[in-house]
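Trainee: The structure under discussion is supplied below as structure tokens; questions concerning it will follow.
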Amino acid sequence: MLRQQGARLAATGDRRESQVRALLTEQALAAELELDLQDARHAAALTPAQAHALDSMLAELGRDISSVPVFELGLAQLLERVGGRRVCREAEHVYHLISAPPKTRGICDIDGSELYQRDDDTEPVIRARYQKQWVEAARPVVDHYDAAGLVVRIDAGGTREQVSAEIDALLARLGDGS
Ligand SMILES: [Zn+2]
Numbered sequence: 001m002l003r004q005q006g007a008r009l010a011a012t013g014d015r016r017e018s019q020v021r022a023l024l025t026e027q028a029l030a031a032e033l034e035l036d037l038q039d040a041r042h043a044a045a046l047t048p049a050q051a052h053a054l055d056s057m058l059a060e061l062g063r064d065i066s067s068v069p070v071f072e073l074g075l076a077q078l079l080e081r082v083g084g085r086r087v088c089r090e091a092e093h094v095y096h097l098i099s100a101p102p103k104t105r106g107i108c109d110i111d112g113s114e115l116y117q118r119d120d121d122t123e124p125v126i127r128a129r130y131q132k133q134w135v136e137a138a139r140p141v142v143d144h145y146d147a148a149g150l151v152v153r154i155d156a157g158g159t160r161e162q163v164s165a166e167i168d169a170l171l172a173r174l175g176d177g178s
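Counting from 1, one number per residue, gives the positions in the sequence shown under our numbering.
This is how it looks when you write it as structure tokens:
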């Protein structure tokens, strides 16, 4: 139904039509796929069945997916990154034992409260989450788009700048239509 409203608004010639249409379409897609857009930030939100449904809906709209960037990070790197994370008790300020340590060990630079490791960031939880979200949930979806030749792998193990540069390069290539 949302998609019909989107189409009708688009037909009125309102100059904001494309934005409104894009928004309605995104919400409609999310609703039809039973996706929570907030939740999509946590990745692995699509099941293979939802990926197939998304393909058909886009085909109906005369659109297709031009690229599926996949950010790759091995378990060892994930353990180092997430396992080294510490937050403060006062305000959850975030630190990292290796890449962003506090000035005084175990103490928040900003408010002086104690730093601790969240249960979510411990090794057993990270391993379980990796298995469930990546190996079991995301990989079949990546395989689906891999079969269509759409997957572009981005090494997420680099620095923030390196990863940004890879994303920029991908967007530039897509912008060229090549
Ligand atoms: Zn703090």
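Every residue gets a Cβ at the ideal spot worked out from N, C-alpha and C, and that includes glycine.
#1: What are the start and end residues of the beta strand (DSSP E) that includes glutamate 90?
#2: To the nearest angstrom, report how far apart valine 68 and serine 164 are at their CA atoms.
#3: Helix, strand or coil for isoleucine 110? Go by DSSP, reduced to three states.
#4: For ligand 1, any of its heavy atoms closer than 7 Å to the Cβ of glutamate 114?
#5: Is histidine 93 close to ligand 1? I mean its beta-carbon at under 7 Å from any heavy atom of the ligand.
#6: Using a Cβ-based criterion (distance less than 7 Å to any ligand heavy atom), does aspartate 55 qualify as near ligand 1?
#7: Residue range of the alpha helix (DSSP H) that valine 141 falls in?
Mentor: This is what the structure gives:
#1: Premise fails: glutamate 90 is in no beta strand (DSSP E) and is neither H nor E.
#2: 16 Å
#3: coil
#4: no
#5: In this structure, ligand 1 has a non-hydrogen atom nearer than 7 Å to the beta-carbon of histidine 93.
#6: no
#7: 139-147
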